[in-house]
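Chains as they are written, first to last, in the numbering used here: chain U, -15 to 123; chain X, -15 to 123; chain Z, -15 to 123.
All residues carry an ideal CB built from backbone N, CA and C; glycine is no exception.
These numbers were taken from a predicted model, which means no experiment stands behind them.
The structure appears below as structure tokens.
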Amino acid sequence: MRQVHDRLAIETRGQGLTEITGPLQAWLGGQKVSNGLLTLYLRHTSASLLIQENADPDVQRDLEAFLAKLVPEDPALYRHTAEGPDDMPAHIKAALTQTHLGIPLQDGRLALGTWQGVYLFEHRHAAHRREIALHLIGA
Amino acid sequence: MRQVHDRLAIETRGQGLTEITGPLQAWLGGQKVSNGLLTLYLRHTSASLLIQENADPDVQRDLEAFLAKLVPEDPALYRHTAEGPDDMPAHIKAALTQTHLGIPLQDGRLALGTWQGVYLFEHRHAAHRREIALHLIGA
Amino acid sequence: MRQVHDRLAIETRGQGLTEITGPLQAWLGGQKVSNGLLTLYLRHTSASLLIQENADPDVQRDLEAFLAKLVPEDPALYRHTAEGPDDMPAHIKAALTQTHLGIPLQDGRLALGTWQGVYLFEHRHAAHRREIALHLIGA
């Protein structure tokens, strides 16, 4: 049994989903573990991690539109407004989605379903550099 | 330290919660690991995993009703409508709940609280065969 | 490779967030594992676990206010009312946040970002004693 720790930096282009399945598979290809558990932990509270459909891009747009309506970027609704009108909604959206994901790794492949992709979900309007702590344990 | 990979198939009967605590405990009984960590990873994006109360069935009905109202099955609200009026709401409900769960296993029993059950939450109206990737690590 | 199982009891003071980063770090300091994966599993369905910003207390108040408005404590909305008007909303809030968290541990420190804290989120009005099952695996 072995374990590996690493950090993966992702540049987002502002609000929306960035697929990271490719970078994750590339990273896994360089490890000496082909069966085990991969944990992704996002070191931020105004973005999140998400498993979503990777086929129709409209799914991502609908999800973003739903959350934009559910958590309006209206400063009148929040006390925490010093970091901009999109910051408190970003924290709430992060609380409603995921800060960490655990995905089994089998024979060198993540156990993703046919239509699943792994996404970093940026909730701020500005582009950000986001850091994911990776932990892999297995053999 | 050992690890086990497997797949658990669950037949849902359409929208709603299906308890899977029993099948999980049965599966665990056949493994040579009694202390460790069980990870469940659902290989779909229109259903999800959930820990919920297993005592009063009204809790499940209230949760379903709340989500039905929060995420209406109204095609006018979404771009992604080709797979039916319940598909995009299913993706959103999945994003708001969980695709994976990690539960400690101690002395052969999951660390569930007295009133907790593990559920597969089907968000589509039609019955589906859903697949959960299982990963168990421990001793 | 080693693993540790334990239980952490947290006394909440009623509805709201209780930071548990300190107790977790203290617990970790007593273990003979400095690199690995920590899993927190909450043994209740009317409270939850959350990673949130630990800088501005207004973030926590805004998050609580958002959820209070999203999931009203109005018995007319729910069937499950026997345990009080705050019980069913508590189950729903728990379903929308997290029952478990997985956080990598590196060189004896959790991989938390600069502004992140680990919180127990109490959804009931009364103070409760909540129990978290801890699992640590690593070296």
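When the alpha-carbon of Met72 (chain X) is set against those of X:His84, X:Val55 and X:Gly86, the nearest one is in X:Val55. Here the C-alpha atom of Met(-15) (chain U) lies approximately 7 angstroms from the C-alpha atom of Met(-15) (chain Z). Taking one beta carbon from each stretch, the region 66 to 81 of chain U and the region 24 to 42 of chain Z have 3 or more pairs nearer than 8 angstroms; the two touch. With a contact defined as Cβ atoms closer than 8 angstroms, Thr(-4) (chain Z) and Thr5 (chain Z) miss out at about 15 angstroms. Out of U:Trp11, U:Glu106 and U:Ala74, the CA that lies nearest to the CA of Leu(-8) (chain U) is found in U:Trp11. Contact of Thr83 (chain Z) with chain X by beta-carbon distance below 7 angstroms involves Ile35. Straight across, the Cα-Cα distance linking Gln82 (chain X) with Gln9 (chain X) is about 20 angstroms.
Using a Cβ-Cβ cut-off of 8 angstroms, Pro88 (chain X) counts as an interface residue toward chain Z, since at least one Cβ of chain Z sits closer than that to its own. With its beta carbon less than 8 angstroms from one in chain X, Ile121 (chain U) belongs to the interface. In the three-state reduction of the DSSP assignment, Gly14 (chain Z) falls in the coil class. Within 8 angstroms of the CB of Ile76 (chain Z), the CB atoms of chain X belong to Asp46, Leu47 and Phe50, in sequence order along the chain.
Put simply, the backbone Cα of Glu37 (chain X) is about 15 angstroms away from that of Asp70 (chain Z). For Met(-15) (chain X), the neighbours in chain Z by C-beta distance under 7 angstroms run, in chain order, Met(-15). Taking 8 angstroms as the cut-off, the Cβ atoms of Ala78 (chain X) and Gly(-2) (chain X) do not count as close. According to DSSP, residue pairing for Leu80 (chain X) in a beta bridge does not occur. Rounded to the nearest whole angstrom, the C-alpha separation of Gly97 (chain X) and Tyr25 (chain Z) is 10 angstroms. Note that the C-beta distance between Ala123 (chain Z) and Gln90 (chain U) is not below 8 angstroms. Ranking U:Ile35, U:His107, U:Leu80 and U:Phe50 by CA distance to the CA of Phe50 (chain Z) puts U:Leu80 first. Going by C-alpha positions, Leu21 (chain U) is about 16 angstroms away from Ile116 (chain U). About 7 angstroms separates the beta carbons of His75 (chain X) and Leu47 (chain U), which is inside the 8 angstroms limit, making them a contact pair. Put simply, of Z:Pro59, Z:Ala52, Z:Asp58 and Z:Arg108 the residue whose alpha carbon is nearest the alpha carbon of Leu61 (chain U) is Z:Ala52. Unbroken beta strand (DSSP E) stretches of 3 residues or longer found wholly inside the region 17 to 84 of chain Z: 20 to 26 and 31 to 37, given in chain order. Leu80 (chain Z) reaches chain X at Leu80 and Thr81, counting residues in chain order whose Cβ is nearer than 8 angstroms.
Look at Tyr103 (chain Z): its C-beta is not under 8 angstroms from any C-beta on chain X. In its chain, beyond the 5 residues on either side, His75 and Ala78 have a beta carbon closer than 7 angstroms to the beta carbon of Thr29 (chain X). Residue pairing of Thr2 (chain Z) in beta bridges, as defined by DSSP: Z:Leu104. Using a Cβ-Cβ cut-off of 8 angstroms, Ala111 (chain U) does not count as an interface residue toward chain X, since no Cβ of chain X sits closer than that to its own. Linking Arg27 (chain Z) to Leu118 (chain Z) through their CA atoms gives a straight-line distance of about 11 angstroms. Taking a beta-carbon distance threshold of 8 angstroms, Leu21 (chain Z) counts as an interface residue toward chain U. At a Cβ-Cβ threshold of 8 angstroms, Pro59 (chain U) and Thr23 (chain X) do not count as neighbours. Judged by DSSP in its simplified three-state form, Leu96 (chain Z) adopts coil rather than helix or strand. Annotation: Ile(-6) (chain U) to Tyr103 (chain U) spans about 11 angstroms, alpha carbon to alpha carbon. Among the CB atoms of chain X, none fall inside 8 angstroms of the CB of Val(-12) (chain U). Using a CB distance cut-off of 8 angstroms, Asp58 (chain Z) does not count as an interface residue toward chain U. For Asn19 (chain Z), the closest of Z:Arg93, Z:Leu85 and Z:Asp(-10) by C-alpha to C-alpha distance is Z:Arg93.
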